[in-house]
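Below is one structure, written out as structure tokens; comments come after it.
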Amino acid sequence: MKCPYCDYSGTKVLDSRAANENKSIRRRRECEKCLKRFTTFEMVEETPLIVIKKDGSREEFNREKMLRGLIRACEKRPVSVERLEMIVSEVEKQIRTTAHAEVDSRDIGEIVMSELYPVDEVAYIRFASVYRQFKDIDMFMKELTGLLSKHQSSGETNKL
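Adding 246 to a residue's 1-based position in the sequence shown gives its number in the working numbering.
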């Protein structure tokens with residue numbers, strides 16, 4: 247590590263601690279020549295995650311884009327932004343654990359729906375209607391019927 251003040255290569259670490267929610271390490275260093283102190287951060291370099299869209303095009307995974315979609319689905323629903331950010335983090339974690347550099351947008355949508363369903367069923371239906379591109383009322387009713395049958399088989403009360 248070169249000193250940012252005098253370009254000398256010899257530095258010593260004075261202190262190390264976790265930073266950014268344990269995603270990086272903050273190191274306080276001192277130059278062995280000029281004795282000035284500076285801070286460095288060390289973090290894991292993540293490989294870019296590429297999303298294969300329905301039309302075959304590819305784009306880099308974008309957390310903010312997913313969060314915006316969830317916020318839209320949860321508009322006027324009792325779901326906090328913090329909860330939605332947790333969903334986005336969980337979805338990203340699940341797709342990164344597959345060890346594939348590319349992931350199908352359909353797979354991401356299914357994971358999002360599985361995470362959103364227990365949080366808010368109305369938001370789930372809203373998200374599903376956009377994600378699955380319901381073309382008519384029959385497709386919408388089919389999704390609702392499936393949702394209702396899940397409730398009846400699990401003994402839950404009807405929340406819809």
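A virtual CB, placed ideally from N, CA and C, is assigned to each residue, including glycine.
Values in this document were obtained by computation on a predicted structure and should not be read as measured data.
**OP:** Would you be able to state if there are at least three C-beta pairs under 8 Å between the stretch 296-313 and the stretch 250-260?
**Re:** no
**OP:** Give the DSSP-derived three-state secondary structure of residue 285 in the structure shown.
**Re:** Here residue 285 refers to the residue found at position 39 when the sequence shown is read from its first residue. In the structure shown, residue 285 sits in a strand (DSSP, three-state: E or B).
Original post:
Quick one: what's residue 354 bridged to in DSSP?
Top reply: Translated into the one-based positions of the sequence shown, residue 354 becomes position 108. None, per the DSSP bridge assignment.
Original post:
Leaving out five residues before and five after residue 369 in sequence, what residues of the same chain have Cβ atoms less than 8 Å from its Cβ?
Top reply: Taking the first residue of the sequence shown as position 1, residue 369 is located at position 123. Around residue 369: 316, 319, 320, 323, 325, 362.
Original post:
Is it true that the stretch 283-301 meets the stretch 262-275, where meeting means three or more beta-carbon pairs spaced less than 8 Å apart?
Top reply: yes
Subject >> Those residues which DSSP pairs with residue 264 across a bridge >> reply: If you number the sequence shown from 1, residue 264 lands on position 18. Answer by DSSP bridge pairing, in chain order: 271.
Original post:
What is the rounded straight-line gap between the Cα of residue 404 and the Cα of residue 338?
Top reply: Working through the sequence shown from its first residue, we reach residue 404 at position 158. Working through the sequence shown from its first residue, we reach residue 338 at position 92. For residue 404, the pLDDT reaches just 44, beneath the cut-off of 50, and the residue's location in the model is therefore unreliable, although a value from the coordinates is still provided. Whole-angstrom Cα-Cα distance: 31 Å.
Original post:
residue 303: which of 389, 350, 343 sits nearest, CA to CA?
Top reply: Within the sequence shown, numbered from 1, the residue matching residue 303 stands at position 57. For residue 303, the nearest C-alpha among the options comes from 350.
Subject >> Cβ-based burial, residue 290 [other Cβ within 10 Å; buried from 16] >> reply: On the sequence shown, position 44 is the one that residue 290 refers to. That one is exposed.
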